[in-house]
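J.: Structure provided below as structure tokens; questions to follow.
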Amino acid sequence: MAQEISAAEQIATQFKEHSVAEFFKKNMQMLGLTGKIKALTTIVHEYVTNSLDACEEARILPDIEVQIKELGDEYYEITVKDNGPGMTRQTVGKALGQLLAGTKFHRMMQMRGQQGIGAAGATMLAQITTGKATQVITGTGSGKALSLDITVDPKKNEPKLANMVELGKTFQGTIIKAKFKGMKYVNSEQAPLEYLRRTAIANPHAQITLIEPSNQKTVFKRTLKEIPKQPLEMKPHPKGMNVDELITLAKYTDSKTVKTFLKNTFDRMGDKAADEIGKHVSFDMNKDPKQITWDEAEEIIKQFKNINFIAPRTDGLRPIGEDRITKSLTSIVKPEFSSVVTRKPTVYSGGFPFQIEVGIAYGGDAGKGGNTTNEEGVVEKKMEIMRFANRAPLLFDTGGCAITKAVQSIDWKRYNVKDVENAPITVFVNLVSVHIPYTGAGKQAISDEQEIMDELRLALMDSGRRAGAFIAGKKKEMEKKMKKELFFKFIPEIAAALEKITKEDRKKTEKNLEKLVLEKLKLEDESDEAQQIEEEIKEASEKVRKNEREAKKKKKEAEDEEVEE
Ligand SMILES: Nc1ncnc2c1ncn2[C@@H]1O[C@H](COP(=O)(O)OP(=O)(O)OP(=O)(O)O)[C@@H](O)[C@H]1O
Ligand SMILES: [Mg+2]
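Below, the structure is given as structure tokens:
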């Protein structure tokens, strides 16, 4: 009799292993590579962020050219050329043909890319929509440049290389050319042109050229010749560690003892802290770190929690800076007024340093729209929020992003912006971090970590307050102008009437009345000023009183402690 097979055995016949490439091939939406407009912009984003990262690391002023050609219905060829450091024969295949491979994922360093998926995801999309390989030319500046065609083998998540040849000349940089179907080039707020405009605003040291399918060429010229200071690679902070991560780090360390491993691997870990840990663990700190067990790692983590480490280092972050943002906004948005705030760096849960920059631009080309006018003939504008993460623009998943949520949580009326949604305002926000907490692998929205939300709100309130003061001043100036015009309109009539009664010369009365109106308007200004001074004094004295109360409280606590001792 044939032996019956169990359900588990039956199901087991379907058991298979899959590679990460197979997973993403089935879930392209997770990489932002679905949707006709979104996919096209995302590909430009992946290539351009890679070029900027590579130039930054190699200390090169970036010169990037993006060309998009329409080859047929919903069929495009995208070419991105940079003057970066190029890639070597050994790495180029894996860099563009293997998912989760690259130079960034394992480093705690502020860079635009952080996963090792972007470029290879694009290579895979090209091959599954057109059957064609991605063509690459790359050169390091010395030796002959290399030309090759790359595809991904999704089953193995390995690169497949073809037509590799050495070119006859040297070249420094990388040219990537790939074809895609199922896309659409439109001129919208989410299109490559706007993406690159924003990239130029956040990267004034980069020269970026776009050639659109219509052959229209736009050059965003560099407004700054200085390469931004290089971000520093940072070490993980002990407070953000867990047992599993500690064991993984220990496995790959070159250190010979647990003590040196701790000192070399972690931020803020000196001899004193390492010795303190040594006193409380059950094993010898001279042990080979590769041999530590789960229980021993747990003991170390317990000590990490007990020791009062200094907060993580934050000096490796590189914000754009208030001056540079102001310069960029002035040259590209041309506002009447801008107010930029760069907050001090701080840390979010897990021990990751981050820093927020906010710029508010008002008037000029600030805000969205501008092609329509309202009933009074005033150009209609809407508020525009420009979101950036490590200087890379975020154009999609707007609603789910911490930046949008923070902007929406501000009571803009307090800053004299009555109808913020319909104001000529551009709000520029850049979050820099060694690890941006994206909500998904598509890297389009930032998760609303509490510390990030708090810093965003403080920066928005600070620059909002200054912008509000400008808007209030502008409003007052307009009101004054209207009042003056109104009074001046009636002066000739009044002067003429007075001439009839008093026989006083009409022209002379007109002059006197004009002088009177101007004096009256000036007095209004002065009384406003007095009121402002009064408010400032009130605010300052409240602050002093608060400080006094706190000092008194502290003193009392100190005295109580002394008594207890
Ligand atoms: N234009 C380029 N010049 C030099 N190196 C590059 C270039 N483009 C890609 N690379 C290399 O290829 C690697 C893989 O790029 P990829 O975009 O897939 O991942 P990533 O940039 O590391 O992270 P992310 O998935 O977040 O973009 C990079 O880490 C980098 O080392
Ligand atoms: Mg990348």
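Under this note's numbering, the residues of the sequence shown are numbered 112 to 676, in order.
All C-beta atoms in this analysis are idealised placements derived from N, C-alpha and C, irrespective of residue type, glycine included.
For threonine 334, which option in Asp355, Leu343, Ile312 has the closest C-alpha, if you only look at C-alpha atoms?
T.: With distances taken between Cα atoms, threonine 334 lies closest to Ile312.
J.: Got a list of residues with beta-carbon closer than 6 angstroms to any non-hydrogen atom of ligand 2, in chain order?
T.: Per the Cβ criterion, the list is Glu157, Thr160, Asn161, Gly224, Gly229, Ala230.
J.: Roughly how many angstroms lie between the CA atoms of serine 393 and glutamate 407, to the nearest whole one?
T.: Going from the Cα of serine 393 to the Cα of glutamate 407 covers about 8 angstroms.
J.: Out of His217, Asp174, Thr249, point me to the one whose CA is closest to lysine 332's CA.
T.: Minimum Cα distance to lysine 332 is reached at Asp174.
J.: Using a threshold of 8 angstroms, state whether the C-beta atoms of glycine 462 and histidine 348 are closer than that.
T.: Cβ atoms of glycine 462 and histidine 348: closer than 8 angstroms.
J.: Heavy atom of ligand 1 less than 7 angstroms from the Cβ of proline 196, yes or no?
T.: Yes, the beta carbon of proline 196 sits closer than 7 angstroms to at least one heavy atom of ligand 1.
J.: Suppose you measure from the CA of glutamine 414 to the CA of glutamine 318; what does that come to, to the nearest Å?
T.: Cα-Cα distance, rounded: 50 angstroms.
J.: How would you call arginine 656, buried or exposed, if buried means at least 16 neighbouring beta carbons within 10 angstroms?
T.: The residue is exposed, with fewer than 16 neighbouring Cβ atoms inside 10 Å.
J.: Measure how close the beta-carbons of methionine 220 and valine 545 come, nearest whole angstrom, since I'm counting them as under 8 angstroms.
T.: Sure, about 6 angstroms apart at Cβ, within 8 angstroms.
J.: What alpha helix (DSSP H) runs, 4 residues minimum, are completely inside the region 382-417?
T.: Taking only runs of at least 4 residues, the alpha helix (DSSP H) segments lying wholly in the region 382-417 are 382-391, 405-417.
J.: Alpha helix (DSSP H) containing phenylalanine 291: first to last residue?
T.: Element bounds for phenylalanine 291: not the alpha helix (DSSP H) but the beta strand (DSSP E), 283-292.
J.: Report yes if the C-beta of phenylalanine 463 is less than 7 angstroms from at least one heavy atom of ligand 1; otherwise report no.
T.: No.
J.: On the DSSP letters alone, give me the boundaries of the beta strand (DSSP E) that phenylalanine 499 sits inside.
T.: From DSSP, the beta strand (DSSP E) with phenylalanine 499 extends over 495-500.
J.: For asparagine 298, count the other beta carbons within 10 Å of its own beta carbon; 16 or more makes it buried, fewer makes it exposed. Which is it?
T.: That one is exposed.
J.: Taking only runs that begin and end inside the region 416-484, name each unbroken beta strand (DSSP E) of 3 or more residues, in chain order.
T.: Counting whole runs of 3 or more residues, the region 416-484 contains the beta strand (DSSP E) stretches 448-453, 457-459, 463-473, 479-484.
J.: Could you give the distance in angstroms between the alpha-carbon of asparagine 326 and the alpha-carbon of valine 159?
T.: Rounded to the nearest angstrom, the two C-alpha atoms are 19 angstroms apart.
J.: Counting C-beta neighbours from all protein chains within 10 Å, is the total for leucine 210 16 or more, i.e. buried, or is it exposed?
T.: By the 10 Å Cβ count, leucine 210 comes out buried.
J.: Inspect the beta-carbon positions of glutamine 282 and isoleucine 261 and report whether they are closer than 8 angstroms.
T.: One detail in the question is off: residue 282 reads as phenylalanine in this sequence, not glutamine. No, they are not a contact pair.
J.: Reducing DSSP to helix, strand and coil, say where glutamate 668 ends up.
T.: Glutamate 668 falls in the helix class under three-state DSSP.
J.: Just mark glutamate 675 as buried or exposed, buried being the case when its beta carbon has 16 or more other beta carbons within 10 Å.
T.: At glutamate 675 the pLDDT is 48, less than 50, meaning the model places this residue with poor confidence and gives no usable figure here.
J.: By Cβ distance, which residues of its chain are closer than 8 angstroms to glycine 252, with the 5 residues on each side in sequence left out?
T.: Excluding positions up to five away in sequence, the list reads Pro196, Gly197, Thr281, Phe282, Gln283.
J.: Any idea if threonine 240 is buried or exposed, counting beta-carbon neighbours within 10 angstroms, 16 or more meaning buried?
T.: Per the 10 Å Cβ criterion, buried.
J.: Hey, is arginine 498's beta-carbon within less than 8 angstroms of any beta-carbon in chain C?
T.: Absent from the structure is chain C; it holds one protein chain and no more.
J.: Checking the sheet assignment: what are the DSSP bridge partners for isoleucine 547?
T.: DSSP lists no partner for isoleucine 547.
J.: Apart from the five residues just before and just after isoleucine 436, which ones in its own chain have a Cβ nearer than 7 angstroms to its Cβ?
T.: Same-chain partners within the cutoff: Val451, Glu468, Gly470, Phe539.
J.: Compute the distance between the beta-carbons of threonine 376 and threonine 359, then report whether it is under 8 angstroms.
T.: No, the pair does not count as a contact, with Cβ atoms beyond the cut-off.
J.: Pull up the distance between the alpha-carbon of glutamate 447 and that of arginine 498, whole angstroms please.
T.: If you take the alpha carbons of glutamate 447 and arginine 498, they lie about 21 angstroms apart.
J.: Cα separation between glutamine 519 and glycine 250?
T.: The straight-line gap from Cα to Cα measures roughly 46 angstroms.
J.: Just how far apart, CA to CA, sit glycine 474 and lysine 438?
T.: Looking at the two C-alpha atoms, the distance is approximately 16 angstroms.
J.: Under 8 angstroms by Cβ, that's how I've got glycine 584 and tyrosine 526 pegged, so tell me the actual separation to the nearest angstrom.
T.: In fact, because the Cβ distance is near 12 angstroms, the residues do not count as touching under 8 angstroms.
J.: Please report the straight-line C-alpha distance between asparagine 541 and threonine 509, rounded to a whole angstrom.
T.: Cα to Cα, the separation comes out at about 14 angstroms.
J.: Say the cut is 7 angstroms; is the CB of aspartate 264 nearer than that to a heavy atom of ligand 1?
T.: Checking the Cβ of aspartate 264 against ligand 1 gives no.
J.: For tyrosine 186, which of helix, strand or coil comes out of DSSP?
T.: Looking at tyrosine 186 - three-state DSSP - the assignment turns out to be strand.
J.: By the DSSP assignment, the alpha helix (DSSP H) with threonine 613 in it spans what residues?
T.: Looking at the DSSP string, the run of the alpha helix (DSSP H) that includes threonine 613 is 561-613.
J.: Is the separation between the beta-carbon of valine 155 and that of proline 270 shorter than 8 angstroms?
T.: No; because the gap between Cβ atoms is not below 8 angstroms, this pair is not in contact.
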